[in-house]
Amino acid sequence: MPKYVIVGNSAGGVGAAEAIREVDPCGSLAIVSDEPTPAYSRPGIAELVAGAKTVERIVYRDDDFYRKLRIETYFGRPAVRIGLAERKVYLEDGEELEFEKLLLATGGTPIRPPMEGADRAGVLSFTTVADALALRARLAAIGSGAGGEASRVLVIGAGLIGAACSDALVRAGVKPIVVELRDRPLNLLLDEPASELARRAMVKAGVELICNATVKEVLGRPDDDRSVGGAVLADGRRTDCGAVVVAVGVRPRMDLAAKAGLKVNRGVVVDQRMETSEPGIYACGDVAEAYDCIYGGNRVVPIWPGAYRGGRVAGFNMAGRSALSEDATVMNTIKYFGMSLVSAGEINVGGQDGYETLRRLDLDGPDAGRYRKVILKDNRVVGFVFAGEIERSGIVNWLLRQKVDVSRFKDKLLSDSFDLIDLPAELRRAHYGEATISQAQRQLGWGRRLSHAASPRTNGGIISGN
Amino acid sequence: MRRVFAREEVCIACRLCEVACAVEHSESKHIITAMRHEHPKPISRIHVEVDGPFSFAMQCRHCEEPLCAQSCLTQALRKGEDGVVRYNPDYCIACYTCMLACPEGAIVKASRGTWKGVAKCDLCPDREIPACVAICPNEALLFGEAWEWEAMQTPAEPPILARGGHRA
Ligand SMILES: Cc1cc2nc3c(=O)[nH]c(=O)nc-3n(C[C@H](O)[C@H](O)[C@H](O)COP(=O)(O)OP(=O)(O)OC[C@H]3O[C@@H](n4cnc5c(N)ncnc54)[C@H](O)[C@@H]3O)c2cc1C
Ligand code: SF4
């Protein structure tokens, strides 16, 4: 009986466990996590700070999940080493787990840029439930929301995690100061016009956004030097604050893989089956450097859907059903500060040779805040950004992932009302049948074969084969 | 599992399915009360798309590999053991990642007071046949297994014409 071990109990680990159990109900399956809790929604930790949800409401799976899937759980127990020869994972507390197939879904570690005074109480990260609860406790301790300079919160980073944190603070009644190294917020996810929309939304929400800046030093409080009381920026500016949240992003947590001698680059390198350089060992999610169908090579794409789907591909392969990650690429939605923004694929390649940019922007007019940009290469969508109307963005995302030639209808892509009906009929029909029959069923020629045996009729809207 | 399939050849864009869906998912489930007196107005999870003489109704396909649920940042969207892809608003954080993931554009925004979230087809858990299928006067919406639908697309015999007409 195959023994599966998964290190990391989050999007990637759960995605793999669910896939393994779809194929193999028997093999023993263990999940190791250094966090003490069952899986939870990592982006959901913002809801804890905002006071919008409790810990029970951000769980990623119900209580009986591990029991139902017959998963042995090793929570609160870090894995420290992989033994390749003996095929074992060693936990810090001395436990040894034998494996035949291993998945590394270890995610990322928050990046802590060097600054003086970073060890003062009140300097926090923002990636775990524990971080979110610590931030809430800190807010209560410094009386934030009650005004007063020392009760303000400084957030370092205006990327996805920084935006999540500062939006949560705003919802909790705190007006944060956000310090960003680059010249615009969300610069990795958005192009310039969309960043401008984000900047306006942040400022309107009461955020003090300082771009092109870094924090040089965290200062202590006059009455307690070990506790955060302010900060000094690289240009010498000083500000009072009662907490500093370092939210500049995460770096792949690949120490386990690197120590074991697996091939690593920016992340743990995997093929399209999500297998590492070592047969039988797989990686996915924030720790992996996996194939990106738009980038056309491997890269680290730290997004939740990518982790789950990569885990699913890994899980199938681990359990013996072959699967490929063919259509993975970056995609994000940003709902912070009342915005409605989506982006996918390559969005900052406009103007380069071979790319065609379709664009509609209204920054100040009656449609202010509405923006659509689609980037094409050889008449295929390689990236897009929409602000405002996003309900049908998934259709454009499908065109992008499937590399559909859009030359016959590309003029419609910029319309807010772009919908399935705008696709040519034969494309629409192909698309229509796709979802409901799995690839395996289609390979068996499912519908076609059955059509000779049964001639379905309809009655009262119900199809009945006889 | 049985799903809803749409036939654009016989859809006449009457939009009765939209009304039936909205009423079925309203608080009162009564057409006048639902459309006139409920605030916010109940929303339909099916939408009819029209382009000149062409039209068809679009709703969730309850995909074999549901990208919405696989992309959901929480457990608000999940595929049940019965294959139905369901939405649980209690877990939703209104991030709208599902909208960016769904290849059909089948998820719509929904809000109620300060609550924000989404809505999608749930195949009408309280009914034997989904409301949209039951009301469609032309059998442009059909309820059946995917293989039955596929078989209809490549008939061994000449195409079967729908028997129209209203039903109770
Ligand atoms: C505040 C915030 C907001 C976000 N918002 C979005 C968003 O809107 N959209 C989006 O797509 N993504 C978002 N993300 C990113 C998303 O959360 C990640 O991409 C996703 O969590 C990656 O999943 P993963 O399974 O690869 O790893 P992780 O979720 O990082 O989980 C890895 C787990 O493995 C454990 N682990 C690591 N090493 C060991 C070890 N040696 N032994 C035992 N356990 C170990 C870790 O403690 C952790 O629990 C956000 C992230 C944050 C922090
Ligand atoms: S909402 Fe969209 S992605 Fe989800 S099951 Fe329905 S059609 Fe598929």
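Chains A and B supply the protein sequences, listed in that same order.
This note's numbering puts the first residue of the first sequence at 1, with every later residue one more than the last.
This note's numbering puts the first residue of the second sequence at 1001, with every later residue one more than the last.
Quick reminder that beta carbons are idealized off the backbone N, C-alpha and C, glycines included.
Your pair Ser277 of chain A and Lys259 of chain A does not check out as a contact, with CB atoms roughly 14 Å apart and the cut at 8 Å. Membership of His1062 of chain B in any alpha helix (DSSP H) is not indicated, and neither H nor E is assigned to it by DSSP. Across the structure, Ser407 of chain A and Ala1013 of chain B are spaced so that their CA atoms are roughly 28 Å apart.
Contacts between Val342 of chain A and chain B, judged by CB atoms closer than 7 Å, involve Leu1100 in chain order. Closest in C-alpha terms to Gly76 of chain A, from the list A:Gly122, A:Trp398, A:Gly8 and A:Ile463, comes A:Gly8.
Taking the Cα of Ala1110 of chain B as reference, the smallest distance to any Cα among B:Pro1040, B:Glu1139, B:Cys1124 and B:Cys1072 is reached at B:Pro1040.
For Thr1097 of chain B, the enclosing alpha helix (DSSP H) starts and ends at Thr1097 to Ala1101. Shown here, His1037 of chain B sits in a helix according to DSSP, grouped into three states. The way I'd put it, the region 177-190 of chain A does touch the region 201-214 of chain A; three or more beta-carbon pairs between them come closer than 8 Å.
Relative to the Cα of Glu92 of chain A, the nearest Cα in the group A:Val32, A:Ser151, A:Ala290 and A:Ala201 belongs to A:Val32.
Under the 10 Å beta carbon count, Thr54 of chain A is surrounded by fewer than 16 other beta carbons and is classified as exposed. Between the beta-carbon of Ala1020 of chain B and that of Cys1132 of chain B there is about 6 Å, and that keeps the pair under the 8 Å contact cut.
Listed as beta-bridge partners of Val404 of chain A by DSSP are no residues whatsoever.
According to DSSP, Val245 of chain A shares a beta bridge with A:Leu124 and A:Val155. In this chain, the beta strand (DSSP E) harbouring Val250 of chain A covers Val250 to Pro252.
Taking the CA atoms as reference points, Ala16 of chain A sits about 13 Å from Ala39 of chain A. When DSSP states are grouped into helix, strand and coil, Leu84 of chain A belongs to the coil group.
Within 8 Å of the C-beta of Leu1141 of chain B there is not a single heavy atom belonging to ligand 2. Beta-bridge annotation (DSSP): Thr37 of chain A is not paired with any residue.
By the neighbour-count criterion, in which 16 or more other beta carbons inside 10 Å mark a residue as buried, Pro305 of chain A falls on the buried side. Residue state for Val59 of chain A is assigned as strand, using DSSP reduced to three classes.
Annotation for Trp304 of chain A indicates a beta carbon within 8 Å of some heavy atom of ligand 1.
For the pair Asn1088 of chain B and Gln1070 of chain B, the CB atoms are not nearer than the 9 Å cut-off. Distance from Cys293 of chain A to Asp327 of chain A at the Cβ level is roughly 5 Å; contact confirmed, criterion being Cβ atoms closer than 8 Å. A Cβ of chain A is located within less than 9 Å of the beta carbon of Pro1103 of chain B. Residue A:Val14 holds the alpha-carbon nearest to the alpha-carbon of Arg1078 of chain B among A:Val14, A:Val381, A:Ala234 and A:Met318. If you check the CB distance, Ala194 of chain A and Lys377 of chain A do not come in under 9 Å. Placement of the Cβ of Phe1005 of chain B at a distance of 8 Å or more from every heavy atom of ligand 1 is found. Looking at the DSSP output, Glu116 of chain A bridges to A:Glu217.
Within 8 Å of the C-beta of Asn459 of chain A there is not a single heavy atom belonging to ligand 1. Near chain A, meaning a CB-to-CB distance below 7 Å, the residues of the region 1071-1099 of chain B are Ser1071, Leu1073, Thr1074, Gln1075, Asp1090, Tyr1091, Ile1093, Ala1094, Cys1095, Tyr1096, Thr1097 and Met1099. Within the same chain, Leu376 come within 6 Å of Glu356 of chain A by CB-CB distance, once the 5 residues on both sides are set aside.
Look at the beta carbons and you see the region 70-88 of chain A touching the region 20-30 of chain A: at least three pairs across the two are nearer than 8 Å. Put simply, the backbone Cα of Gly1105 of chain B is about 25 Å away from that of Ala1034 of chain B. Remark: the shortest separation between the CB of Arg253 of chain A and any heavy atom of ligand 1 falls under 8 Å. Put simply, the residues with a CB less than 6 Å from any heavy atom of ligand 2 are A:Ala435, B:Cys1060, B:Arg1061, B:His1062, B:Cys1063, B:Pro1066, B:Leu1067, B:Cys1068, B:Val1085, B:Cys1102, B:Glu1104, B:Ala1106, B:Ile1107 and B:Lys1120, in chain order.
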